[in-house]
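These notes are about the structure you will find just below.
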Amino acid sequence: MTSHSLTSPTPAVAPRTGRDVARVVTVAVSAVIAVAVSFLGSGAVAGTPVAEAAGGALASDATAVAPGGAAFSIWTLIYVGLIALAVWQLLPAHHTDPRQRELGWWIAASMLLNALWIGAIQIDQVGLSVVVIVALLAVLVRVFLGLTATAPASRLEAVVVDGTMFVYLGWVAVATVANTAAALNSADIDPFGWGADIWAVVILAVVAAVSVVVAFAGRGRLAVAAAMAWGLGWIAVGRTADDGWNSTPAAVAAAVAAVVAVVAAVAVRIATDRGRMRTPARHRNAGATAA
């Protein structure tokens with residue numbers, strides 16, 4: 000028996016095509032658009048800060064599940080990550096990367112939807128912003144499933160691609176809840192007449208449950224959990240601020256949900272790593288590095 004019979008040949012990667020070039024350029028341009036439009040949302044150059052736009056519908060004290068103001072600083076990390084990702088995939092060595100071929104267009108779509116969301120808020124369309132952010136969340140879930148199905152080829156890819164998109168997903172998951180609550184509050188809609196506190200507890204319990212599902216689906220991706228915990232933690236802070244929407248039930252529910260998100264991810268990650276250690280090396284997924 001020869002050594003060639005013991006190993007499988009490395010699958011050949013199809014040569015670069017015009018579609019690869021179009022995808023790479025689209026991702027790069029989408030990243031530039033997302034960052035440029037973000038200046039509208041910050042009010043730094045033009046536009047109105049998101050917290051002040053749409054009559055303050057998304058202010059830190061607008062609803063019982065609105066994150067405290069400092070929560071939105073996570074966008075700096077996300078935008079830096081998106082730019083790094085765009086630059087990384089521009090490198091010739093990554094033009095034919097199988098993961099980018101599968102997910103690059105989706106990643107570009109997430110950036111453009113983010114820009115569209117800011118635009119919707121700038122024109123006071125809170126209802127439209129919910130539609131956009133739900134679409135954004137769906138796109139990020141698609142990217143998440145694609146990235147967790149295959150391992151990154153390097154630590155750098157794990158951080159720049161997986162890490163960025165997982166933080167993006169975790170934050171948008173929490174932001175979707177806050178955005179939906181803001182839209183309902185703006186329209187004076189209170190389903191079943193339960194009141195803000197009860198709805199906050201129910202919604203945050205659902206978010207906690209979702210974080211557990213995500214932990215299992217992603218085999219304990221810590222970046223997703225960290226971003227969700229960040230948003231949930233700032234919801235808790237916002238509900239205890241003297242000058243904000245004060246709600247002890249919502250604060251406790253948000254804090255518990257944040258802990259659940261982190262504990263679930265860590266527990267699943269530990270279990271996954273232990274299982275991988277028991278698996279013979281030849282059967283392991285090459286690069287099971289998880290962000």
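Counting in numbering that gives the first Met the number 0, the sequence shown runs from 0 upward without gaps.
For each residue, glycine too, the CB sits at the ideal point set by N, CA and C.
Since the structure is predicted, the reported quantities are computational estimates derived from the model, not experimental observations.
**Q.** Which of helix, strand or coil DSSP assigns to Pro-97
**A.** helix
Q | Cα-Cα separation between Asp-60 and Thr-163, rounded to whole angstroms | A | Their backbone Cα atoms lie some 28 Å apart in a straight line.
(Q) For Thr-221 and Gly-55, what's the separation of their Cα atoms in angstroms? (A) Reading off the sequence, residue 221 comes out as Leu, not Thr. One C-alpha to the other measures close to 32 Å.
Q) What's the C-alpha gap between Ala-63 and Val-24? A) Approximately 41 Å between the Cα atoms of the pair.
Q. When we look at the beta-carbon of Ile-234 and count the other beta-carbons within 10 Å, is it buried (16 or more) or exposed?
A. buried
Q: Find the nearest neighbour of Leu-127 within the set Asn-113, Arg-100, Asp-19, judged by alpha-carbon distance.
A: Asn-113
Q | Residue from Thr-16, Trp-116, Thr-179, Phe-191 with nearest C-alpha to Pro-91 | A | From the listed residues Thr-16, Trp-116, Thr-179, Phe-191, the smallest Cα separation to Pro-91 is found for Thr-16.
Q. Under the rule that 16 or more other beta-carbon atoms within 10 Å means buried, what is Ser-153, buried or exposed?
A. Under a 10 Å Cβ-count criterion, Ser-153 is classified as exposed, with fewer than 16 other Cβ atoms of the shown protein chains found around its own Cβ.
Q: Check whether the Cβ atoms of Leu-115 and Val-131 sit closer than 7 Å, and answer yes or no.
A: Contact: yes.
Q: Return the CA-CA distance between Val-213 and Thr-95, expressed in angstroms with no decimal places.
A: 29 Å
Q) Is it the case that the Cβ atoms of Gln-120 and Val-28 are separated by a distance below 7 Å? A) Correcting the residue identity first, residue 120 is Ile in this sequence and not Gln. Against a cut-off of 7 Å, the Cβ pair of Val-28 and Ile-120 comes out as no contact.
(Q) Does the stretch 190-205 come into contact with the stretch 164-172, if we say contact requires no fewer than three beta-carbon pairs (one atom in each stretch) closer than 8 Å? (A) Too few Cβ pairs lie closer than 8 Å, so no.
**Q.** Nearest-angstrom beta carbon gap, Ser-210 and Ala-263 [assumed within contact, 8 Å]
**A.** 6 Å
Q.
Can you tell me whether Trp-170 is helix, strand or coil according to DSSP?
A. helix
Q | Start-to-end residues for the alpha helix (DSSP H) that takes in Ser-153 | A | From DSSP, Ser-153 is part of no alpha helix (DSSP H); its letter is neither H nor E.
Q. Taking buried to mean at least 16 other C-beta atoms within 10 Å of its own C-beta, is Pro-14 buried or exposed?
A. exposed
(Q) Considering just the uninterrupted stretch of the alpha helix (DSSP H) at Gln-88, what are its terminal residues? (A) Taken as a continuous stretch (DSSP letters only), the alpha helix (DSSP H) holding Gln-88 covers 73-89.
Q: Output the distance between the C-alpha atoms of Val-205 and Ala-257, rounded to the nearest integer angstrom.
A: 12 Å
Q.
Pairs of beta-carbons, one from the stretch 96-109 and one from the stretch 137-153, closer than 8 Å: are there three or more?
A. yes
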